[in-house]
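Here the UniProt record's numbering is used: the first residue of the sequence shown is 1, the next is one more, and so on.
Glycine is no exception: its CB is placed at the ideal position from the N, C-alpha and C atoms.
Contents: one structure, followed by commentary.
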Amino acid sequence: MKLFAVNSENRSFLVNASFLALMQAANTFLPLLTLPFLVRVLGVELFGQLAFVTAFMYYFVVLADYGFNLTATRDISIHRDDGNRINHIYSNVMVIKSLLLIVGFFCSLTCVLLVPSFFEYWPLYLASFVVVVCQALFPVWFFQGMEAMKYVSYLSVSAKVVLTAGVFIFISGPEDYLWVPVLTALGFFLSVLVALYLIHVKYQVSFQWPPLAEIRQSLVEGWFVFLSQMKITLFSSSNIVILGMMVGPVAVGYYVAAEKIMRTLALAQTPITSALFPLIAKKMATDKVAAITKLKKIAYMGSVLYLCLLGSVYFFSDSIITLFYGEEMQASTWVLKVMLIIPLFIFLNNIFGTQILLNTGREKSFFYILLAAAVLSLVLCVTLTYFFSYQGTTIALLVTEIFIVLAFFVLVRKDWWCV
């Protein structure tokens, strides 16, 4: 049985998925070159400190994004033939992102000034916030909604190449750790400039200062999706933040070294699910049965492929940790083995939650499940980390992901079995 019939809709989907795959390959394999190098050159403790600051700053990335990676992508996809509407969407998003970045800067500055352990590394926090600004202003949502992901792919790959080359050129010892966020920011900054040029020149989108009423409406409409995204952050980045504050950067280093490999495996599904979202958004409104049928095919095939991949990695996990990070990081092996099933759960969570719940207007249900998961994650993480250090943090993440996939499936089971 063919997974897709050959038609213009699926051809567009596959083209965009291919460019997303290119981008994801850069996001996946280039860090695999730099991470082992950074662990060995900087040491476990400083590597853990970098990971801690990155996790802390991710709160502000999510704040500035405000769920626009989903809501703005959907709106651009639906109104892509209406130039005036596109102008309004683009302007609203960019203004709101800029305002939220200002709020985020003052919040992060307050934390750095008030917490001694933060202030000790204030240059690292400052450089890392520049990365937040560049990430927030990089308009992936626009090109994804227009199904023109080739531009994002080229720019993202270029940014990663700049970072990767720079790491090997400029970092030779622990004293060079600041180059990591500086190089990351530089790559993103150049990509943002080119992306904005394409939007204004190629797509002839013009900025129109939105009235306050439109800004307020956009904030209200995106509120539940934003909170849902923030809840995801609470049980991903917060685990690292809690571990760092309760145990220290060395434990963070062991945990993050394994988590990076797990997240890399989880990213394998991103080209498909990201390209799928605008397509399902349109199809769900006109032919729900066909949309669910397509999702079921992708879910079944993806699950089988993931199980094969994850099983292979589990078998070689000891060798993988030693090869990547060295003998001193063997503590990460246990973490990796426990985490390995999580990429499959993330894939299914996207199918049940993002693709079905959000595209059928059940944002509140999506939000409440992730709210419950965030609370569960925080309680488990604090408790288990206190007693079992990074091993407890790992178990907390696994239990939370199991809870989410079961809860999402309970909500969509009628949709799932309708075809």
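Per-residue DSSP class, three states only, for residue i
i	result
His88	helix
Phe37	helix
Leu178	coil
Met1	Here Met1 scores only 44 on pLDDT, less than 50, and its place in the model should not be relied on; the value that follows carries that caveat. Coil, per DSSP.
Tyr66	coil
Arg74	helix
Trp416	helix
Gly43	coil
Met216	A small fix is needed here, since residue 216 is Arg in this sequence, not Met. Arg216 falls in the helix class under three-state DSSP.
Ala148	coil
Asp82	coil
Val115	coil
Gly48	helix
Gly222	coil
Ala407	helix
Ile96	helix
Where the alpha helix (DSSP H) containing residue i begins and where it ends
i	result
residue 427	The structure shown does not extend to residue 427, since the chain is modelled only from 1 through 419, so no value can be given for it.
Trp141	140-145
Glu327	Here Glu327 belongs to no alpha helix (DSSP H), and DSSP marks it neither H nor E.
Phe207	Where Phe207 is concerned, there is no enclosing alpha helix (DSSP H), given that its DSSP letter is neither H nor E.
Tyr121	From DSSP, Tyr121 is part of no alpha helix (DSSP H); its letter is neither H nor E.
Ser236	Taken as a continuous stretch (DSSP letters only), Ser236 belongs to no alpha helix (DSSP H), as it is neither H nor E.
Leu263	Contrary to the premise, residue 263 reads as Arg rather than Leu in this sequence. Looking at the DSSP string, the run of the alpha helix (DSSP H) that includes Arg263 is 249-266.
Beta-carbon proximity of residue i to residue j, cut-off 8 angstroms
i	j	result
Tyr177	Leu46	yes
Asn87	Ser206	yes
Ile240	Val225	no
Arg40	Pro278	no
Val132	Gly104	yes
Pro31	Phe324	no
Tyr314	Leu344	no
Tyr151	Phe143	yes
residue 424	Val250	The chain is shown only over 1 to 419; residue 424 falls outside these bounds and no answer can be derived.
Ala25	Met149	no
Leu183	Thr393	no
Thr34	Val130	no
Ile321	Leu336	yes
Leu295	Ile280	yes
Ala299	Leu348	yes
Ala201	Tyr121	A quick correction: the sequence has Val, not Ala, at residue 201. No. Outside cutoff.
Phe68	Gln135	no
Ser377	Ala396	yes
Ile96	Ile199	no
Gly48	Val256	yes
Gly222	Tyr59	no
Ala373	Phe403	yes
Tyr203	Tyr390	no
Lys283	Ser77	no
Ala64	Leu38	no
Ala72	Gly145	yes
Met246	Tyr90	no
Val162	Leu193	no
_In chain order, each alpha helix (DSSP H) run of at least 4 residues that lies wholly inside the stretch 339-401_ = 342-349, all fully within the stretch 339-401.
*asked:* What ranges does the beta strand (DSSP E) occupy inside the stretch 273-316, keeping only unbroken runs of at least 3 residues that lie completely in it?
replied: Counting whole runs of 3 or more residues, the stretch 273-316 contains no beta strand (DSSP E) stretch at all.
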